[in-house]
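**Q** Sending over a structure as structure tokens; questions will come in a sec.
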Amino acid sequence: MNKKFSKILSIVTFSTLLLVGCGKEETDSTQSSQETEQTTNESEVVETSQTEVKENTENKGSELVNVNFEEITFKIPNTAEKLDVGEQQLPVAVYLLDATIGTSFNVVLEPLQQPLSLKEYIDLATASTGYEYQSNEYYTTNGIEWNEVVSLNNTPQGTMKLNQRTFMKDDQVYIFTYAGTPENYESNLQDFKNVIESVIVN
Numbered sequence: 001m002n003k004k005f006s007k008i009l010s011i012v013t014f015s016t017l018l019l020v021g022c023g024k025e026e027t028d029s030t031q032s033s034q035e036t037e038q039t040t041n042e043s044e045v046v047e048t049s050q051t052e053v054k055e056n057t058e059n060k061g062s063e064l065v066n067v068n069f070e071e072i073t074f075k076i077p078n079t080a081e082k083l084d085v086g087e088q089q090l091p092v093a094v095y096l097l098d099a100t101i102g103t104s105f106n107v108v109l110e111p112l113q114q115p116l117s118l119k120e121y122i123d124l125a126t127a128s129t130g131y132e133y134q135s136n137e138y139y140t141t142n143g144i145e146w147n148e149v150v151s152l153n154n155t156p157q158g159t160m161k162l163n164q165r166t167f168m169k170d171d172q173v174y175i176f177t178y179a180g181t182p183e184n185y186e187s188n189l190q191d192f193k194n195v196i197e198s199v200i201v202n
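Going by the UniProt record's numbering, 126 is the number at position 126 of the sequence shown; the sequence numbering is gapless.
Structure representation (structure tokens):
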């Protein structure tokens with residue numbers, strides 16, 4: 001898989017990953033994301049410019065950098081490339097973890113349109129995606145209650161395996177999504193887990 005194709009795949013994956021179902025506004029934002037994907041120049045890559053952290057990841061020994069995103073902080077490998085997805089209706093950041101195989105993750109901030117518990121939100125969101133869900137679990141780490149869903153998403157570009165981690169802060173939902181082909185899913189999964197474990201609410 002060449003680098004250009006893997007960037008295109010990451011952008012297409014991003015456009016299909018937004019959880020849907022809590023109202024018309026969320027559906028509209030997904031449609032807008034899909035339209036943006038068609039116009040985004042796949043060669044536009046923005047280098048990460050976060051503060052370096054003198055730490056190593058367990059599996060690759062690469063340094064980590066701090067990322068500030070909409071009142072939370074998390075750490076990513078310094079080898080991750082931030083993709084330019086243009087203007088979006090919802091705050092989003094998309095990172096390519098491995099250009100050779102196309103593994104990537106994104107984080108989206110979605111405001112709630114009505115009061116919901118995390119379980120209510122997940123039930124609504126997963127009911128409308130059309131994904132094939134393999135697991136759906138709740139857990140707490142670092143004082144944050146998370147949901148983790150693993151699913152398969154069949155797209156015209158091929159099947160993607162997704163790992164989505166979601167938590168709530170007040171009336172906002174943070175959705176982290178890791179994606180890769182089924183055969184490459186495990187390759188950067190630990191990097192994604194490290195990102196999740198590093199999340200701090202500011």
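Built from N, CA and C at the ideal position, the CB exists for glycine as well.
Can you tell me the Cβ-Cβ gap for Leu-162 and Tyr-131, rounded? I've got them flagged as a contact below 8 Å.
**A** Position 162 of the sequence shown, counted from the start, is the residue given in the question as residue 162. Position 131 of the sequence shown, counted from the start, is the residue given in the question as residue 131. Between Tyr-131 and Leu-162 the Cβ distance is about 7 Å, and since that is below 8 Å, they are a contact.
**Q** Output yes or no for whether 8 Å exceeds the beta carbon distance between Pro-111 and Gln-172.
**A** Taking the first residue of the sequence shown as 1, we reach residue 111 at position 111. Taking the first residue of the sequence shown as 1, we reach residue 172 at position 172. Against a cut-off of 8 Å, the Cβ pair of Gln-172 and Pro-111 comes out as a contact.
**Q** Can you say whether Gly-143 is buried or exposed, counting buried as having 16 or more other CB atoms within 10 angstroms of its CB?
**A** Here residue 143 is taken as the residue at index 143 of the sequence shown, counted from 1. The residue in question, Gly-143, is exposed, as its Cβ has fewer than 16 Cβ neighbours within 10 Å.
**Q** Checking contacts by CB at 8 Å: is Glu-63 closer than that to chain C?
**A** Here chain C cannot be found, since the structure has a single protein chain.
**Q** When you compare only the Cα positions, how much space is there between Leu-116 and Asp-123?
**A** Working through the sequence shown from its first residue, we reach residue 116 at position 116. Working through the sequence shown from its first residue, we reach residue 123 at position 123. C-alpha separation (whole angstroms): 10 Å.
**Q** Give the DSSP-derived three-state secondary structure of Val-150 in the structure shown.
**A** Looking up residue 150 in the sequence shown gives position 150. Note: Val-150 maps to strand in three-state DSSP.
**Q** Between the alpha carbons of Glu-183 and Asn-147, how many angstroms are there, rounded?
**A** Counting from one through the sequence shown, the residue named residue 183 turns up at place 183. Counting from one through the sequence shown, the residue named residue 147 turns up at place 147. Going by the C-alpha atoms only, they are around 24 Å apart.
**Q** Using a 10 Å radius around the Cβ and a threshold of 16 neighbouring Cβ atoms, would you call Lys-119 buried or exposed?
**A** For this step, residue 119 is matched to residue 119 along the sequence shown. That one is exposed.
**Q** State the Cα-Cα distance for the pair Asn-78 and Gln-134, rounded to the nearest angstrom.
**A** The count along the sequence shown starts at 1 and reaches residue 78 at position 78. The count along the sequence shown starts at 1 and reaches residue 134 at position 134. In this model, Asn-78 and Gln-134 are separated by some 31 Å (Cα to Cα).
**Q** So, with DSSP's three-state summary, where would you put Gln-114?
**A** The count along the sequence shown starts at 1 and reaches residue 114 at position 114. Three-state result, Gln-114: coil.
**Q** With the cut-off set at 8 Å, would you say Asn-202 and Ile-76 are in Cβ contact?
**A** Residue mapping note: residue 202 aligns to position 202 of the sequence shown, counting from 1. Residue mapping note: residue 76 aligns to position 76 of the sequence shown, counting from 1. Contact flag unset, no.
**Q** Mind checking which residues open and close the beta strand (DSSP E) that includes residue 204?
**A** The question about residue 204 has no answer here: the residues shown for the chain are numbered 1 through 202.
**Q** With a 10 Å radius around its C-beta and 16 neighbouring C-beta atoms as the bar for buried, classify Asn-68 as buried or exposed.
**A** Reading the sequence shown from its first residue, position 68 is the one you call residue 68. Flag for Asn-68 reads exposed.
**Q** Excluding the 5 residues preceding and the 5 following Thr-159 in the sequence, name in chain order all residues of the same chain whose CB lies nearer than 8 Å to its CB.
**A** For the purposes of this step, residue 159 is taken as the residue at position 159 of the sequence shown. Contacts found: Leu-152, Asn-153, Thr-181, Pro-182.
**Q** Write down the C-beta distance between Tyr-178 and Val-107 rounded to the nearest angstrom, noting that I regard them as a contact closer than 8 Å.
**A** The residue labelled residue 178 in the question sits at position 178 within the sequence shown. The residue labelled residue 107 in the question sits at position 107 within the sequence shown. About 10 Å; that fails the 8 Å criterion.
**Q** Which class does Gln-190 belong to by DSSP, given the choice of helix, strand or coil?
**A** Mapped onto the sequence shown, residue 190 falls at position 190. Correct three-state label for Gln-190: helix.
**Q** Consult DSSP for Thr-79 and reduce its assignment to one of helix, strand or coil.
**A** Walking along the sequence shown from the start, residue 79 turns up at place 79. Thr-79 falls in the coil class under three-state DSSP.
**Q** For Asp-84, which of helix, strand or coil comes out of DSSP?
**A** Looking up residue 84 in the sequence shown gives position 84. Residue state, collapsed to three classes: coil.
**Q** Rounded to a whole number of angstroms, what is the C-alpha to C-alpha distance between Asn-188 and Ser-104?
**A** Taking the first residue of the sequence shown as 1, we reach residue 188 at position 188. Taking the first residue of the sequence shown as 1, we reach residue 104 at position 104. Cα-Cα distance, rounded: 8 Å.
**Q** List the endpoints of the continuous beta strand (DSSP E) containing Tyr-131.
**A** Along the sequence shown, read from residue 1 onward, the residue named residue 131 stands at position 131. Element bounds for Tyr-131: n/a, residue is neither H nor E.
**Q** Determine the closest residue to Thr-166 out of Ala-80, Tyr-139, Thr-155, Val-65, with distance taken between C-alpha atoms.
**A** Position 166 of the sequence shown holds residue 166. When only C-alpha atoms are compared, the closest one is Tyr-139.
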